[in-house]
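Here the sequence shown is numbered in the numbering used here, starting from 40 and rising by one per residue.
Note that CB positions come from ideal geometry on N, CA and C, so glycine has one too.
For reference, the structure discussed in these notes is given below.
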Amino acid sequence: MQTVIVPIDFTETSYNSAEYAVQLLTGHYGVNMILYHIFEKEADEAGARARLEEVSQHLRTKGIVKTEIMARQGSDFVEELEKLVRHRTADLVIMGITERSILGQTLIGSNALKYLETNASPVLIVPHDAKYKNVKNVLLASDLKNSKETTPSVPIKKILATFEPNFFVLNVDSAHYVSITEEYQAEKEVLAEMFQEFKPEFFFMGVSDVQAGIQQFATDKDIDFIIVVHREQNMYNKFFSKSNTKQLVYQSTIPILALKE
Numbered sequence: 040m041q042t043v044i045v046p047i048d049f050t051e052t053s054y055n056s057a058e059y060a061v062q063l064l065t066g067h068y069g070v071n072m073i074l075y076h077i078f079e080k081e082a083d084e085a086g087a088r089a090r091l092e093e094v095s096q097h098l099r100t101k102g103i104v105k106t107e108i109m110a111r112q113g114s115d116f117v118e119e120l121e122k123l124v125r126h127r128t129a130d131l132v133i134m135g136i137t138e139r140s141i142l143g144q145t146l147i148g149s150n151a152l153k154y155l156e157t158n159a160s161p162v163l164i165v166p167h168d169a170k171y172k173n174v175k176n177v178l179l180a181s182d183l184k185n186s187k188e189t190t191p192s193v194p195i196k197k198i199l200a201t202f203e204p205n206f207f208v209l210n211v212d213s214a215h216y217v218s219i220t221e222e223y224q225a226e227k228e229v230l231a232e233m234f235q236e237f238k239p240e241f242f243f244m245g246v247s248d249v250q251a252g253i254q255q256f257a258t259d260k261d262i263d264f265i266i267v268v269h270r271e272q273n274m275y276n277k278f279f280s281k282s283n284t285k286q287l288v289y290q291s292t293i294p295i296l297a298l299k300e
């Protein structure tokens with residue numbers, strides 16, 4: 040990774056996500072982290088830049104990452120973020136989420152999907168109380184449907200190559216009873232070949248509640264973040280509804296890396 044954008048709205052949640060980001064990126068040389076704030080009134084620019092500089096100085100006590108501050112005027116958070124991501128060819132956006140923050144209100148529900156629909160970059164959603172720990176275990180939650188065409192392998196591989204974690208692939212489906220079907224086995228082999236250099240381990244859970252199944256697996260395997268691919272007409276899209284995002288993210292300390300197919 041070369042460029043990572045961390046939106047800051049000067050709430051505790053965004054400060055926490057920034058601390059998570061700098062700890063996550065420390066030691067990965069060549070990465071440039073952009074602390075980004077959007078303001079509405081021109082008169083607010085100087086104050087915003089001063090506060091960003093304070094945040095940047097504080098983050099130097101948490102880790103060592105090349106850091107840039109950027110404040111821009113605008114009214115549409117998603118639109119302005121997309122512009123910046125594309126202009127800087129950013130590899131990743133890291134942001135916090137909570138109902139009480141501007142970023143939380145922006146990210147929850149339709150606007151989260153709106154940003155993903157831009158296909159500008161993956162976004163790592165950091166729960167409001169998440170604390171960084173070394174990335175050792177990463178989980179890809181997959182529906183194992185048309186995997187070759189719908190799995191964004193390039194950004195996923197970039198993440199895996201950066202952190203070199205143990206890599207798990209999980210499918211949760213009530214159709215799994217004694218053994219998986221031939222169709223699931225074929226899709227498993229497609230992903231196994233796609234990510235062969237990362238030695239993925241595959242698991243299948245035969246339960247009806249996808250969200251609960253993934254959360255339980257993530258807890259049992261001490262997962263550091265969960266990769267979810269947004270697809271149209273996909274049961275895994277429930278991660279992006281307001282109530283389910285709250286249940287999965289707010290009640291957990293596990294960040295979610297969201298990508299669009």
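query = Across which residues does DSSP place V165 in a beta bridge pair?
reply = For the purposes of this step, residue 165 is taken as residue 126 along the sequence shown, with counting starting at 1. Beta-bridge pairing links V165 to G135.
task = Please work out which residues of its chain come closer than 6 Å, Cβ to Cβ, to M109, disregarding the five sequence neighbours upstream and downstream, and give them in chain order.
result = Position 70 of the sequence shown, counting from 1, holds the residue named residue 109. Closer than 6 Å at the Cβ level, and outside the excluded window around M109, lie I73, Y75.
query = Whose C-alpha, out of K238, L199, A180, E236, is nearest the C-alpha of Q254?
reply = Locating residue 254 in the sequence shown gives position 215, where the first residue counts as 1. For Q254, the nearest C-alpha among the options comes from A180.
query = The beta strand (DSSP E) with H126 in it runs from where to where?
reply = Reading the sequence shown from its first residue, position 87 is the one you call residue 126. Element bounds for H126: not the beta strand (DSSP E) but the alpha helix (DSSP H), 116 to 127.
request  = Within 10 angstroms of the Cβ of S56, are there 16 or more other Cβ atoms? Answer buried if so, exposed if not.
outcome  = Numbered from its first residue, the sequence shown carries residue 56 at position 17. Looking at its Cβ environment, which holds 16 or more other Cβ atoms inside 10 Å, S56 is buried.
ask   = Using 8 Å as the Cβ pair cut-off and three pairs as the minimum, do the segment 88 to 108 and the segment 41 to 57 touch?
value = yes
Neighbourhood of I77 by C-beta distance below 7 Å, restricted to the same chain and skipping five residues each side = Locating residue 77 in the sequence shown gives position 38, where the first residue counts as 1. R111, G113, F116, E119, listed in sequence order.
ask   = Excluding five sequence neighbours on each side, which residues of the same chain lie with their C-beta closer than 6 Å to the C-beta of N210?
value = Stepping through the sequence shown from its first residue, residue 210 is reached at position 171. Same-chain partners within the cutoff: S181, L183, F243.
key: Whole runs of the beta strand (DSSP E) within the segment 163 to 210, excluding any shorter than 3 residues   = 176 to 180
ask   = Going by other Cβ atoms of all chains shown within 10 Å of its Cβ, with 16 needed for buried, is K80 buried or exposed?
value = Looking up residue 80 in the sequence shown gives position 41. K80 comes out exposed.
inquiry  = Do F256 and I295 count as a contact pair if the criterion is CB distance below 8 Å?
reply    = Your numbering for residue 295 matches position 256 in the sequence shown. Your numbering for residue 256 matches position 217 in the sequence shown. No; because the gap between Cβ atoms is not below 8 Å, this pair is not in contact.
Residues that R111 bridges to, as DSSP identifies them = As a position in the sequence shown, residue 111 is number 72, starting the count at 1. Looking at the DSSP assignment, R111 forms a beta bridge with I77.
inquiry  = Using the three-state DSSP reduction, which class does Y256 fall into: helix, strand or coil?
reply    = Residue 256 sits at position 217 when you count from the first residue of the sequence shown. Correcting the residue identity first, residue 256 is Phe in this sequence and not Tyr. It is helical.
ask   = For the putative contact between F237 and L199, defined by C-beta atoms under 8 Å, what is the C-beta separation to the nearest angstrom?
value = For the purposes of this step, residue 237 is identified with residue 198 of the sequence shown, where counting begins at 1. For the purposes of this step, residue 199 is identified with residue 160 of the sequence shown, where counting begins at 1. So it is a contact: roughly 5 Å between Cβ atoms.
ask   = Can you tell which of F207, V132, P239, L298 has the C-alpha that lies nearest to the C-alpha of V61?
value = Mapped onto the sequence shown, residue 61 falls at position 22. Checking every option, the nearest Cα to that of V61 belongs to V132.
Distance CB(L155)-CB(K299) smaller than 8 Å = One-based indexing of the sequence shown puts residue 155 at position 116. One-based indexing of the sequence shown puts residue 299 at position 260. For L155 and K299, yes; Cβs fall inside 8 Å.
request  = Note the first and the last residue of the continuous alpha helix (DSSP H) segment covering A85.
outcome  = Within the sequence shown, the letter at position 46 stands for residue 85. 84 to 98 is the extent of the alpha helix (DSSP H) around A85.
ask   = Cα separation between A87 and S247?
value = What you label residue 87 is simply residue 48 of the sequence shown in a count that begins at 1. What you label residue 247 is simply residue 208 of the sequence shown in a count that begins at 1. Distance between the alpha carbons of A87 and S247: 47 Å.
key: beta strand (DSSP E) segment containing V267, residue limits   = By 1-based counting over the sequence shown, the position of residue 267 is 228. It spans 264 to 269 - the beta strand (DSSP E) in which V267 sits, taken as one unbroken run.
Own chain residues within Cβ distance below 6 Å of K153, not counting five before or after = The residue given as residue 153 occupies position 114 in the sequence shown. For K153, where only same-chain residues beyond five positions count, the Cβ hits under 6 Å are V117.
key: Cβ distance (whole Å) where D130 is taken to contact M233 below 8 Å   = For the purposes of this step, residue 130 is taken as the residue at position 91 of the sequence shown. For the purposes of this step, residue 233 is taken as the residue at position 194 of the sequence shown. In fact, because the Cβ distance is near 19 Å, the residues do not count as touching under 8 Å.
inquiry  = Looking only at its chain, what residues have a beta carbon closer than 6 Å to the beta carbon of E188, apart from the 5 residues adjacent to it on each side?
reply    = Position 149 of the sequence shown, counted from the first residue, corresponds to residue 188. No residues qualify anywhere along the chain.
request  = Identify whether K299 lies in helix, strand or coil by the three-state DSSP scheme.
outcome  = By 1-based counting over the sequence shown, the position of residue 299 is 260. Strand at K299.
query = So who's on the other strand from I44, going by DSSP bridges?
reply = As a position in the sequence shown, residue 44 is number 5, starting the count at 1. Its beta-bridge partners are I73, V132.
inquiry  = Helix, strand or coil, according to DSSP, for K105 in the structure here?
reply    = Along the sequence shown, read from residue 1 onward, the residue named residue 105 stands at position 66. In the three-state reduction of the DSSP assignment, K105 falls in the strand class, which pools E and B.
query = Would you call D261 buried or exposed, if buried means 16 or more other Cβ atoms sit within 10 Å of its Cβ?
reply = Within the sequence shown, residue 261 is the residue found at index 222, counting from 1. So D261 counts as exposed.
query = Mind checking whether N42 and T128 have CB atoms under 8 Å apart?
reply = Position 3 of the sequence shown, counting from 1, holds the residue named residue 42. Position 89 of the sequence shown, counting from 1, holds the residue named residue 128. According to the sequence shown, residue 42 is Thr rather than Asn. Yes, the pair counts as a contact, with Cβ atoms nearer than the cut-off.
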